[in-house]
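Residues in the sequence shown are numbered consecutively from 674, following our numbering.
Down below is the structure, laid out as structure tokens.
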Amino acid sequence: MPPAGEQSEIRLALVRKSSAFVEVLKLVGNDMTLPRRKFLHLTAGAAALPAASWIARAQSYPSRPVHLIEGFGPGSAPDIIARLMAQRLSERLGQAFVVDGRPGASGTIATEAVVRAAPDGYTLLLVLASNAINGSLYEHLDFDFIRDIAPVAGIARGPFVMEVNPSVPAKTLPEFIAYARANPGKVNMGSAGTGDLTQISGELFKMLTGINLFEVPYRGVEVITGLISGEVQVYFGPLVSSIAHIKAGRLRALAVTTATRSPALPDIPTVGEFVPGYEASAWQGIGVPKNTPTAIVQKLNGEINATLAEPEMRARLANLGEVPLEMTAAEFAKLIVDETNKWRKVIRTAGIKAG
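In structure tokens, the structure reads:
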């Protein structure tokens, strides 16, 4: 249930819209001597039923299947996280949470679908670090992410991993930098698409090291196939979708991109250990269309945070190299703003545009 202050605001808004309130105003208009106490009593009565109904609907939520939309498609790191969370929310809340993939344009297709959806809690967005990038990348979006999507809760945060095809002679990050400098423009860097966080992370690396990598954009998870086949030599990819290939020896990890080492690959150094100032990470959370009832946002936040506190969920995330992000909706909003400001600087410096 919303805090007392928010309940008062809710009641006031509902009263203003209710036919009962109109009747109260008629009474006041006909008898300006209506006692203040009676007036307050009437307005409270007018508010009670719709407010109670509004809160009751939130408490009974969800009463039908909920769609969780993600923007990168089956097999991608976001899809893996979305399905993990959707499964547990389905179990906790007794309604199906269905993952709906809408890949394309670094997640903007999925985001716009949620922006256009009814603000009733039945269409959720898997919010990603890419959402903090797209506003600076795309010049003609029909929505403003920070304005049109209400943050609900964080899910997890994890490193990207700088990984290479085993044919690359470099076994360490310093060796790779030396190799790339000796072969300017001949080392291909894969990305999951122009403007994707996988590209922006690589651009930050290029800016800080001064080396020249030739970027080859793919469509989403196809980049992993290109890296394994040797079409590209290096990739800054989500650990969650790369770790199985690394452990199987199909790819070689040189470094992780977060400020600290990953428990999933404890022997692999961070990029920042050799390139001061470097940090990048993939994070996920849940958002809803603006104007979604506060009580539904709070209920989802509570259920998601309760899920993240479960030992089994924490273990499953750890196996994927992810750290739970237990946050209030306000804390998640701040993360989005901070990341938006950070990546805007990289995009402008690199002159990246996606249309």
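Ideal placement from N, C-alpha and C gives every residue a C-beta, glycine not left out.
Coarse secondary structure for residue i, derived from DSSP in three states
i       : result
Gly1032 : Residue 1032 is absent from the structure shown; the chain starts at 674 and stops at 1028.
Ile1025 : coil
Glu876  : helix
Gly975  : helix
Tyr795  : coil
Met1000 : coil
Arg830  : strand
Ala823  : strand
Ser914  : helix
Arg854  : helix
Lys1015 : helix
Ile742  : strand
Leu870  : helix
Leu713  : Annotation note: pLDDT 44 at Leu713 (below 50); position unreliable, coordinate value reported separately. Leu713 falls in the helix class under three-state DSSP.
Pick from the options that is closest to residue i, judged by C-alpha positions
i       : options                          : result
Val787  : Ile969, Gly1024, Val961          : Val961
Val929  : Gly922, Arg923, Ala921, Tyr908   : Tyr908
Asn838  : Arg765, Asp869, Ala921           : Ala921
Ile977  : Thr1001, Ala1027, Pro890, Pro966 : Thr1001
Val800  : Gly827, Ala790, Glu812           : Gly827
Arg737  : Ala759, Arg789, Ala750, Tyr795   : Tyr795
Phe844  : Ile941, Gly975, Ala750, Gly893   : The residue asked about is misnamed: residue 844 is Lys in this sequence, not Phe. The shortest Cα separation from Lys844 among Ile941, Gly975, Ala750, Gly893 belongs to Ile941.
Ala778  : Gly767, Val834, Leu814, Ala982   : Leu814
Val894  : Val739, Pro735, Ala1003, Ala750  : Ala750
Tyr891  : Gln872, Ala982, Arg761, Leu762   : Gln872
Ala769  : Ala783, Leu990, His740           : His740
Val1029 : Gly831, Ser763, Ser874, Ala988   : Any answer about residue 1029 is impossible in this case: the structure gives the chain only from 674 up to 1028.
Arg761  : Met986, Leu993, Thr784           : Met986
Gly767  : Ala783, Lys963, Glu785, Ser733   : Ser733
C-beta atoms of residue i and residue j nearer than 8 Å
i      : j       : result
Val913 : Ile742  : no
Phe745 : Pro776  : yes
Glu995 : Ala829  : yes
Glu904 : Ala932  : no
Leu900 : Ala955  : no
Leu938 : Ile959  : no
Thr867 : Ala1023 : no
Val889 : Gly863  : yes
Pro747 : Gly780  : no
Thr980 : Arg765  : yes
Val896 : Ala865  : yes
Val860 : Phe833  : no
Val771 : Asp752  : no
Arg989 : Leu846  : no
Ala790 : Pro966  : no
Glu812 : Ile1025 : no
Cβ separation of residue i and residue j, assumed to be a contact under 8 Å, to the nearest whole Å
i       : j      : result
Ser915  : Glu999 : With a Cβ gap of about 25 Å, Ser915 and Glu999 do not count as contacting.
Ile969  : Pro824 : The Cβ separation is near 13 Å, so there is no contact.
Ile1029 : Leu798 : Only positions 674 to 1028 of the chain appear in this structure, which leaves residue 1029 out of reach.
Phe1040 : Leu924 : In this structure the chain extends from 674 to 1028, so residue 1040 is not present and cannot be described.
Would you check if the stretch 902-919 and the stretch 800-813 touch, i.e. whether three or more CB-CB distances between them fall below 8 Å? Contact annotation: the stretch 800-813 does not touch the stretch 902-919, with fewer than three C-beta pairs closer than 8 Å.
With three or more beta-carbon pairs closer than 8 Å as the criterion, would you say the stretch 874-883 touches the stretch 930-949? Contact holds: three or more Cβ-Cβ distances are below 8 Å.
Should the stretch 846-854 be called in touch with the stretch 1013-1022, which here means at least 3 C-beta pairs below 8 Å? Segments in contact, no.
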